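Here the structure is laid out as structure tokens; the discussion comes afterwards.
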Amino acid sequence: MKVDAFTLPTPPAPGKKPLVMVAKRYTSSHQTTPRSGVTLLMLHGLGQHKEQWEPVMESLYALQVQSESGAEPQAVREAWAFDWQSHGESAVLNEEALKDGPASASMDRWAAAIASFINSDHVRGHQLVGIGYSMVTTRFFDTCPYVGIVLIEPSLMDPELWDTHTEINAAFEGVTNSVKHRRNSWESKEAAYQLISGRPPWTSYDPRVAKLFVEYAMTTSKDKDGKACVIRSCPSMHEAMAFQFSLQQSFDGAEQMSKLSGIVPIHAILAETHGFMPQAIFDCSLDMNKGRKAASITRVPGTSHTIMQEVPDALGSIILRLARDIIIMSASPQVHVRGRL
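For the sequence shown, full-length UniProt numbering gives the first residue as 1, with consecutive numbering after it.
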């Protein structure tokens, strides 16, 4: 798999310091028809980073090469993954701006950055498929330049759900407090890997995931005594408060999905269980009575909410299948979609 890295400017926000966004483009090393297939735009979840998509894409491209040998047309042209401005390599470059607090790199600013990218020359003329995980799935609904959308463990809510299900607020508060008080400093990346890889939830993850997290979601720093150490790139307060600040985006995303599910095919990938995330969230995300109709729902046995970290190979296979389905649907005159820029 070929990987190209980009540091992209992002739209300014009134009263806020400028931010950049780091992105990576993934293409198959065996690509035979460069302009054929869809382009995937992939967003990570809270506290994660863009490279967690790499095992997924490695598996997807390997399967695509195998199927091409059997005369199956290329489904995926290329894939892009982005670090939220407060996460991963973006956070390292935005370090000074992030000191102004969580509002300095809100999810709205990430959404604006993605919208700006979609209108850039990087993907001009491409057929786009948006892929989002967990609460970040809410950000695909502001505009609809896609021929298809894939939501992995979508966490969309409406105000009524939030007001009537107190267990959701309790779950979010629990995660927020956990993030605020967890360990955030290690002597080295090797020490960090040895610790996290032997503890839940990491013990249920694919081994590649922990290695990628340590490599790309941690950075060198100095502790309070001035000694060299390694810390998470995303400031803990940014990650913790995102669970609270993202509520309005979740409400907006649910409303937009109700409007768009009849316009563009929206596919959902769900785990067998949802971990700390209450079932009511997922029921709301796909509530047909409120117009949130999924073109398909794929359930992955033996997985929990962290499905992307647990079974990246299986996820790659599912996304490849959905990409093929989306191409077929976009070519059908019965399906109205918007997607070629």
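Ideal placement from N, C-alpha and C gives every residue a C-beta, glycine not left out. A quick note: this is a predicted structure, and the numbers were derived from the prediction, not measured.
| Asked | Found |
| --- | --- |
| Candidates H267, E153 and D206: closest to Q279 by CA position | E153 |
| In chain order, each alpha helix (DSSP H) run of at least 4 residues that lies wholly inside the region 273 to 339 | 279 to 285, 307 to 310 and 312 to 330 |
| Three CB pairs or more closer than 8 Å across the region 178 to 192 and the region 297 to 304 | no |
| Where the beta strand (DSSP E) containing E78 begins and where it ends | V76 to F82 |
| Nearest residue (CA-CA) to P145, options I131, D158, M135 and L156 | I131 |
| Per-residue burial, A323 [other beta carbons within 10 Å of its own, 16 or more giving buried] | buried |
| Under the three-state DSSP convention, the category I196 falls into | helix |
| Residue nearest to A331 in terms of C-alpha spacing, selected from A228, T306 and V264 | V264 |
| Nearest-angstrom Cβ-Cβ length linking residue 352 and I319, presumed shorter than 8 Å | Not covered by the structure: residue 352. The range shown for the chain is 1 to 341. |
| I326 to E187 span [Cα, whole Å] | 47 Å |
| Under the three-state DSSP convention, the category E224 falls into | Before going further, note that residue 224 is Lys rather than Glu in the sequence given. The answer is coil: DSSP assigns K224 none of H, G, I, E or B. |
| Cβ contact (3+ pairs, closer than 8 Å) linking the region 226 to 239 and the region 157 to 168 | no |
| Exposure label - E54; buried when at least 16 CB within 10 Å | buried |
| Reduced DSSP category for D158 - H, G, I as helix; E, B as strand; rest coil | coil |
| Rounded straight-line distance, which links the Cα of I114 to that of A210 | 26 Å |
| I307, buried or exposed, once every other Cβ within 10 Å from all chains shown has been counted against 16 | buried |
| Span separating the alpha-carbon of H305 from that of V230 | 27 Å |
| As assigned by DSSP and simplified to three states, the class of V22 | strand |
| Length of the line joining the Cα atoms of T7 and D121 | 14 Å |
| Identity of the residue in R77, S59 and A240 nearest G101 by Cα | A240 |
| R232 - DSSP class collapsed to helix/strand/coil | strand |
| Beta-carbon spacing of W80, R25 below 8 Å | yes |
| Under the three-state DSSP convention, the category residue 342 falls into | Absent from the model: residue 342. The displayed extent of the chain is 1 to 341, so no value can be given. |
| DSSP three-state assignment for residue 362, whether helix, strand or coil | The first residue shown for the chain is 1 and the last is 341, placing residue 362 beyond what the model contains. |
| Minimum length 3: unbroken beta strand (DSSP E) runs contained in the region 106 to 152 | 128 to 133 and 148 to 152 |
| Short Cβ contact (8 Å threshold) for V123 with V38 | no |
| C-alpha distance - D225 paired with S204, whole-angstrom precision | 35 Å |
| S29 versus E68: straight-line alpha-carbon distance, rounded | 13 Å |
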